[in-house]
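4 protein chains.
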Amino acid sequence: MNDSQPTSNVALSTYAISDAQRWFEYPIHVYPHHTDYGGVVWHGTYIAWMEEARVKCLRSIGIDYADLVAMGCELPVVEFSTRYHRAMKMGVTAIVKTRMSRSNNVRLDWDYQIVSEDGSELYLTGRVTLVPIDRAKGKIMRRLPQPIADVIDRLAS
Amino acid sequence: MNDSQPTSNVALSTYAISDAQRWFEYPIHVYPHHTDYGGVVWHGTYIAWMEEARVKCLRSIGIDYADLVAMGCELPVVEFSTRYHRAMKMGVTAIVKTRMSRSNNVRLDWDYQIVSEDGSELYLTGRVTLVPIDRAKGKIMRRLPQPIADVIDRLAS
Amino acid sequence: MNDSQPTSNVALSTYAISDAQRWFEYPIHVYPHHTDYGGVVWHGTYIAWMEEARVKCLRSIGIDYADLVAMGCELPVVEFSTRYHRAMKMGVTAIVKTRMSRSNNVRLDWDYQIVSEDGSELYLTGRVTLVPIDRAKGKIMRRLPQPIADVIDRLAS
Amino acid sequence: MNDSQPTSNVALSTYAISDAQRWFEYPIHVYPHHTDYGGVVWHGTYIAWMEEARVKCLRSIGIDYADLVAMGCELPVVEFSTRYHRAMKMGVTAIVKTRMSRSNNVRLDWDYQIVSEDGSELYLTGRVTLVPIDRAKGKIMRRLPQPIADVIDRLAS
């Protein structure tokens, strides 16, 4: 996991104030199908929300994931890790915060925080790593397609 | 299934024009996790969207489903039926339309249409029936709790 | 829904005795991720189990669904209906029973019962209708490919 | 992630030979609902299979998870990490291998490998950490309930 991520609410708030503009925010709501017998969100549910936030973030900078796939490029997940800080109850609305960085030429690292609407509670922190795959060849691309690299550089900067 | 539901696009449009105000509308977007190997929405995905639209519709008239459960009343599904008219592709945005009626003292029938954003394409029609259950007793309530019955009458009228 | 399906346990047992050989049986177990806040199986979970039973039933008569898809034929669901008779709790093991019939040249109707291991409790009855689609053309096939029709006739007879 | 886990097939085979008895094995099969538009298993699907293997492993040593919950003890996931080595295609059968260790008094670490039936291909490695929670108090238990601690010691040894 990502040791540099804030793990206390105090740290979180400080962090949010100074870097708010760098996170993309995606609102979520807990419906019955997201919960398990415990009355809280099942731990696997978050992985779908994190994907949704990622696709929406790409869209916000002009990359339509469905177009990317149609162009022959996919971005499968190669690593995934989360820490669950607090359970989310049914009916709650929260925010998935995410931001991307490139760890080398092709790997895309997405950091995550899921927080309450007012930012006072931290539910989850996590990181997801994607690599671009050439669909036809089934192989990792050595470099991102140029138009994509451009917007990603813009996003990551 | 519901024979009175429109099955052609022409009928659908006509219908939408005359009754638009009676449907609650809930927007959805197809993310990768909603699809299957065919590149389109897996047929079981819709059932989650239909639940979300229902919870959101109740909320729009002042009923918070999580509060209802906390008060000891649940609304489990007792019947579910759908007809799949057209496949939805990844990246598509669409509208879940739903409206409720009471078929007798306690059964709540929810009719559904899932249509494209411009209303020109019909993806799915369906009906879901709920009954109120007393959580403590595990039995069907003979009548809806009064405050709930009031708003539901308002919604259904 | 299917009016001819037994709705009482007495009828179910009688039926099971006389026709046991005609149903394919697929065992299931309720894990935490199948449940919702109510401590019982979420109503959408069954749709995945019903698909699994169908794929396994086809496999038992020599049809590998992945091969079918590779050959250019898909069997999407065009109609789905269920009646929920009794909630299934976490930790329970049960049996999905299914059998297929052809309602016309190409439609495949699958009837379902989900029952307790000893057959004394009925959880769900349902019906799922599939039609064969030519993947390349995206159209319903007028007739099933011959090798498939052969085994399906064998299954349905 | 777990640096000590084998990342090449060679290492995996060697490891499997020497320690085979220490892993609990749970077979899985890829059905259509497990896949996404890419024709392979969606990355979130594995989290459900890993839970199933865990529950089944506990059951194999006499701990019924539903009983545990009924007794007031839950084992929520507090950390989850996976590395995706190779995509799994529709129709494939594979093995989830898992084994548990106690990293301190109460944390339970479960290591995972998902491999092909013949053990020659590695799809995923991962680790899931659970802690026991007292349902009534909503707090982490300082120590495992004695009967549970006994069987877990047996499993971990």
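Chains as they are written, first to last, in this note's numbering: chain A, -2 to 154; chain B, -2 to 154; chain C, -2 to 154; chain D, -2 to 154. Ideal Cβ positions, reconstructed from N, Cα and C, are used throughout, including at glycine.
Shown in chain order are the members of the segment 33 to 53 of chain A whose Cβ falls below 7 Å from a Cβ of chain B: Ala45, Glu48, Glu49 and Val52.
Contact with chain A is found for Pro29 of chain B, since one of that chain's Cβ atoms lies less than 8 Å from the residue's Cβ. Scanning the segment 55 to 83 of chain A from its first residue to its last, the whole alpha helix (DSSP H) runs of 4-plus residues come out as 62 to 67. With its beta carbon at least 8 Å from every one in chain C, Met97 of chain D lies outside the interface.
Under the criterion of beta carbons closer than 8 Å, Met47 of chain C and Val93 of chain C qualify as touching, at roughly 7 Å. Pairing His40 of chain C with Val74 of chain B gives a Cβ-Cβ distance under 8 Å. Among the residues of the segment 81 to 106 of chain D, those with a Cβ less than 7 Å away from any Cβ of chain B are Met87, in the order of the chain. Distance from the CA of Ile111 of chain C to the CA of Met97 of chain C, rounded to the nearest whole angstrom, comes to 15 Å. DSSP lists no beta-bridge partner residue for Gln143 of chain B. The C-beta distance from Val38 of chain A to Phe77 of chain A rounds to 17 Å, too long to meet the 8 Å contact threshold. Here the C-alpha atom of Glu71 of chain A lies approximately 16 Å from the C-alpha atom of Trp107 of chain A. Between Arg104 of chain A and Ile149 of chain A, the CB-CB gap reaches or exceeds 8 Å. Nearest CB-CB separation between Ser113 of chain A and chain D: not below the 8 Å threshold. DSSP, read as helix, strand or coil, puts Lys53 of chain D in helix. Val75 of chain B has a beta carbon lying within less than 8 Å of a beta carbon in chain C.
Pro24 of chain B has B:Ile92 as its beta-bridge partners, per DSSP. Around the beta-carbon of Ala133 of chain C, fewer than 16 other beta-carbon atoms lie within 10 Å, marking it exposed.
In the DSSP assignment, Asp106 of chain A is bridged to A:Ser98 and A:Thr126.
Tyr34 of chain B places its beta carbon 8 Å or farther from that of Thr42 of chain D. Excluding sequence positions up to five before and after Ile60 of chain A, its CB lies within less than 7 Å of the CB of Ile145 and Val148, all in the same chain and listed in chain order. Among the bridge pairs identified by DSSP, Val112 of chain D is matched with D:Ile92 and D:Leu119.
For Tyr23 of chain A, the nearest beta carbon of chain B is not closer than 8 Å to its own beta carbon. Contact annotation for Thr79 of chain D against chain A: Glu76, Phe77 and Ser78 [CB-CB distance below 8 Å, chain order]. With respect to Gly36 of chain C, Arg80 of chain C sits apart: the two C-beta atoms are not nearer than 8 Å. Listed in chain order, the positions of the segment 52 to 73 of chain C with a beta carbon within less than 9 Å of a beta carbon of chain B are Ala63, Val66, Glu71 and Pro73.
When the alpha-carbon of Tyr120 of chain A is set against those of A:Pro29, A:Ala91 and A:Cys54, the nearest one is in A:Ala91. Taking a 10 Å sphere around the C-beta of Ile137 of chain D, we find fewer than 16 other C-beta atoms and assign the residue as exposed.
Within the DSSP secondary-structure output, Val38 of chain B pairs in a beta bridge with B:Thr32. DSSP lists no bridge partner for Ile149 of chain D. Contact between Ala50 of chain C and Tyr28 of chain C fails: their C-beta atoms lie close to 17 Å from each other, not under 8 Å. Nearest to Leu127 of chain C by C-alpha distance, out of C:Leu141, C:Phe21 and C:Ile25, is C:Leu141. For Glu118 of chain B and Arg19 of chain B, the gap between their C-alpha atoms comes out near 19 Å. Partner residues in the beta bridge of Ile137 of chain B, as assigned by DSSP, are B:Ile130.
Out of B:Thr95, B:Lys86 and B:Ala67, the CA that lies nearest to the CA of Ile130 of chain B is found in B:Ala67.
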